[in-house]
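Student: The opening position of the sequence shown corresponds to residue 1 in UniProt numbering, with each subsequent residue numbered one higher.
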Amino acid sequence: MNTDIENLFKDTVLGHPIGLFILFFTEMWERFSFYGMRILLILFLTAPLVSDNPGWDWPREHALSLIGTYASLLYLTPIIGGWIADKWTGYRMAVVIGCIIMTLGHAAMALETTMSFYLGLALLVLGTGFFKPNITSIISEMYKTRESKKDGAYTIFYMGVNAGAFFGMMLCGYLAENYGWAYGFGLAGIFMLLGMLQFLLAHKIFGKIGAAPSKKIDVVFHEGEDVTDPEVIKEEVEVASKLNPFITFDKILIALSSVGGLIYLFNDPIEKIGGSTMLPFEFMGMSGSNVVVIAALVLFLILLIMRISRYIPIVRDRLVAVSIFALFTVFFFAFFEQSLGSMTLFASDYTNRDLTGNTATIFKIVDGLLTTIPLIIITYVIFLIFKKTFTKIGASNIVLAIAFLGLWILVIYRIYDKSFSEELKVDATWFGILNSFFIITLAPIFSKWWESKYNPSAAMKYALGLVLLGVGFAVLAYGASDIPSGAQTASVSMIFLILAYLFHTMGELCLSPLGLSYLSKLVPARMIGFMFGVWYLAIAVGQKLANTMGGMIDKISAEYSLGTFFLIFAVIPIAVGFVSMVLNPVLKKLMHGVR
């Protein structure tokens, strides 16, 4: 029996240990800073030099190229950060290291010089690598003896993610658009620092949880398997204990594909922004950059096939299923991540954000309720935590109270600032909060659906997610259909953007939270680290594709129209969704009873 886990569960709030809520708020402040800063990037980089709030006046293609590389690296460094924590630092120390590095990154970006901006992005990439995989690993370790409560724990934690994203985009965006970019970038850094202090001052409550790397080999039985069948037990023990070590050729493939991928990620913005290249050659009409990235993907596929082929047939089939789902994930994120790129540009330049009279009044009321009700609920949870833990982790509670006092002051000031004018201009960054709001409101409905007898298969969930994503873009394509070719501004009703975010969020709820769940069910214990890496790689590829395709917005809208641009983004995910539907029987067979 793990006494640290038992001690944690002695004091609970809403049926879960206090430690979960310490992680909840640490994640909330990290996501506040991450999304608060990230939604500013495209607006800051493309804002005119001569304006009330001058930016860097970059072409959209250049800005999205840099953002695509940044977003991709954010999903690659966690593979290394998780490995370092497993080997040396432990999960908790890795989280603290990540918080410190990210705080320095936000501080650098607030200076707004060219060197500090790039340094800030680099530090945020490194810090995320330490933070992202390891805070969830602490939760997994906390609930080792409480598996039945793990789904509920992750649901609460996921609410922290979305609460942070919601307030971060709202408040950092408000300060940046109305008072200056440095205020938005700086606010993100302040809350990142407070999140780190809150976690660091509460560390003793965890005991040894997350403090040392785990050396155990776990035997994992899957749902639907007869755990009393000697053959099943023999198979799972063999799967769990078989090391399947990386041979020299595997390591060479990993090195070559990694180096090729990284060279492409860095070379793409260097080519577009700087006009130079790290790869000054062509092959069969393709640029050196495209040759290298295709070669890297081919080498990685060879590695994946070789690794999978060494397992017994049932495991091999399940890993093939995971790989197919990873491919669908690439397509999903390549389109979904337009939210912080081309869709933010659409909100800024093509959407009518001016409200007057009754419309402005209704928006102020709705916006005020959207902002204050979640904050009241979270503040009540903090009150419950304080009552139980102030004598144990008083200093951590004080830091948390300071952070929430600051949040309340900013929220009230924002509402006050917007309440006295008859005319109102909605911030372009405001639309970014819709995804978080819709997730928080719709997640319980989708969760009930997955628990009912009407729960679709994995392939059908992916299909639904991709089709709903496409429908959202179809709505935008319709809204933009009257914008003439080459137009740099327009005045489209904001209802189209709101509906697009609604459909996109429903698509995300069908697909995104379920990917890692299926991965944990289908992958044997000794392969799970490698396959998590594959999963993050799939998202990283999707992120880069998203901003590469988003960077074509000017070219396509000039040659055809903005409506055509969004129509392309509607047709492809719907088509891929139908492919997933067709593959449903095949994928069910490959999963061998795992649901």
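Positions of the beta carbon are idealized from the N, C-alpha and C atoms, including for glycine.
Specify the secondary structure class of Met286 as computed by DSSP and reduced to three states.
Tutor: Three-state DSSP puts Met286 in a strand.
Student: When you compare the region 430-439 with the region 150-170, are there three or more beta-carbon pairs, one atom per stretch, that lie closer than 8 Å?
Tutor: The region 430-439 vs the region 150-170: in contact.
Student: For Met549, which option in Leu502, Lys87, Lys364, Phe331 has the closest C-alpha, if you only look at C-alpha atoms?
Tutor: Met549 has its Cα closest to that of Phe331, out of Leu502, Lys87, Lys364, Phe331.
Student: Figure out for me which residue from Gly507, Leu262, Ser493, Leu104 has the closest Cα to the Cα of Leu469.
Tutor: Nearest option by C-alpha distance: Gly507.
Student: Taking the CB atoms as reference points, tell me whether Gln198 and Leu45 lie closer together than 9 Å.
Tutor: No, the pair does not count as a contact, with Cβ atoms beyond the cut-off.
Student: Would Lys387 be called buried (16 or more neighbouring beta carbons within 10 Å of its own) or exposed?
Tutor: When all chains shown are included, Lys387 counts as exposed.
Student: What does a CB cutoff of less than 7 Å around Leu187 pick up in its chain, not counting 5 residues either side in sequence?
Tutor: Taken in chain order, the residues that qualify are Gly36, Leu171, Cys172, Leu175.
Student: Which of helix, strand or coil does DSSP assign to Val239?
Tutor: Because the pLDDT of Val239 is 48, which lies under 50, any placement of that residue in the model is unreliable, and the question is left without a value.
Student: Give the secondary structure of Val579 by DSSP, where H, G and I count as helix, E and B as strand, and everything else as coil.
Tutor: Helix.
Student: Would the beta-carbon of Ile79 fall within 9 Å of that of Gly394?
Tutor: No, the Cβ-Cβ distance between Ile79 and Gly394 is not below 9 Å.
Student: If you follow the alpha helix (DSSP H) that Lys251 is part of, which residue opens it and which one closes it?
Tutor: Run containing Lys251: 248-269, per the alpha helix (DSSP H) assignment.
Student: Measuring CB to CB, does Trp450 end up less than 9 Å from Leu514?
Tutor: Cβ distance < 9 Å, so Trp450 and Leu514 count as in contact.
Student: Using beta-carbon positions only, say whether Ala477 and Phe569 come within less than 9 Å of one another.
Tutor: Yes.
Student: Exposed or buried, Ala575, counting other C-beta atoms within 10 Å across all chains shown (16 or more means buried)?
Tutor: Under this definition Ala575 is an exposed residue.
Student: Assuming Asn358 is part of the alpha helix (DSSP H), what are its boundary residues?
Tutor: Looking at the DSSP string, the run of the alpha helix (DSSP H) that includes Asn358 is 357-389.
Student: Please look up how many angstroms separate the CB atoms of Leu279 and Ile294, rounded, as I've assumed it's under 8 Å.
Tutor: Leu279 to Ile294, Cβ: 12 Å. No contact.
Student: Entirely within the region 141-227 and at least 4 residues each: give me those alpha helix (DSSP H) ranges in chain order.
Tutor: Counting whole runs of 4 or more residues, the region 141-227 contains the alpha helix (DSSP H) stretches 150-179, 181-200.
Student: Hey, out of Phe266, Ile302, Pro133, whose CA is closest to Ala94's CA?
Tutor: Taking only the C-alpha atoms, the option nearest Ala94 is Pro133.
Student: If we ignore side chains and look at the alpha-carbon of each, how far apart do Val366 and Thr359 end up?
Tutor: Their Cα atoms are separated by approximately 11 Å.
Student: On the criterion of 16 or more Cβ atoms from any shown chain inside 10 Å, does Asn352 qualify as buried, or is it exposed?
Tutor: Exposed: under 16 other Cβ atoms inside 10 Å.
Student: Going straight from the alpha carbon of Ile483 to that of Ser557, what length do you get?
Tutor: Computed Cα separation, rounded: 9 Å.
Student: Does DSSP put Ala424 in a helix, a strand or coil?
Tutor: The identity of residue 424 in the sequence shown is Leu, whereas the question assumes Ala. It is a strand residue.
Student: Which residue's Cα is closest to the Cα of Pro59: Ile376, Leu511, Pro269?
Tutor: Nearest C-alpha to Pro59: Pro269.
Student: Under the assumption that Leu23 contacts Phe157 (Cβ atoms under 8 Å), give the Cβ distance between them as a whole number of angstroms.
Tutor: Yes, Leu23 and Phe157 are in contact; Cβ-Cβ is about 7 Å, under 8 Å.
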